[in-house]
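Q:
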Amino acid sequence: MKAAVSNQTEVSYYTMKISSEAVDEKGFILPQYTCSGANISPPLDIAGIPEGTRSLAIIVDDPDAPGGDWVHWVAWNIPVTRHIKEARQMEEQGVNDFRQNRYDGPCPPHGIHHYHFKVYSLDCRLSLTEKTTKKVLDQAMQGHILGFGELIALYRR
């Protein structure tokens, strides 16, 4: 399969399936994972992680934000696992658009927004700083992506 990383470069990858018990049958994320609730990261299940994966990375963003794409979470060097626990504190996280080094959940000003939980399997660990942004992470992952999966969740306040 091929996919665009940040709509700039096409890469080949294995497709992973991302799911979560935090998303209801209609596709809406449960309130405890948003700014209206506990604002904790949801549990994520990952199927189809390719052989040779040395680490995982996560980017969560909202392309429906009024000013364009809004980043909620940037994390990398996640140990290879099929399940990321709820409220997991990541050892290596970058800066989101709330200017925080953490997960900040959905918090749309109005209407229904789509939240993209993107998980990447990488053939290496990355050397990045806590000032890393989505753009910097995208660039650092170039040439190292073995697999990609995405869960899209909806939310309206």
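Heads up, the sequence shown is in this note's numbering, so the first residue is 8 and it goes up one at a time. Even for Gly, the Cβ is constructed at its ideal location relative to N, Cα and C. Remember, predicted model here, so these are calculated numbers, not experimental data.
Can you give me the Cβ contacts of Pro-49 inside the same chain, cut-off strictly under 7 Å, excluding the 5 residues immediately before and after it?
A: These residues qualify, in order along the chain: Ser-27, Ala-29, Ile-36, Tyr-40 and Glu-93.
Q: So, helix, strand or coil for Leu-37, using DSSP?
A: Correct three-state label for Leu-37: coil.
Q: Apart from the five residues on each side of it in sequence, which residues of its chain come closer than 6 Å, Cβ to Cβ, to Lys-141?
A: Excluding positions up to five away in sequence, the list reads Ile-66, Val-78 and Val-81.
Q: Is Ile-47 closer than 8 Å to Arg-89 when the C-beta atoms are compared?
A: Result no, Cβ atoms of Arg-89 and Ile-47 do not sit closer than 8 Å.
Q: If you follow the beta strand (DSSP E) that Lys-125 is part of, which residue opens it and which one closes it?
A: Segment 120-129, the beta strand (DSSP E) holding Lys-125.
Q: Would you mind stating whether Gly-150 and Ser-128 have Cβ atoms separated by less than 8 Å?
A: No, Cβ-Cβ distance for Gly-150 and Ser-128 is not below 8 Å.
Q: Under three-state DSSP, which class holds Ala-147?
A: Reduced to three states, the DSSP call for Ala-147 is helix.
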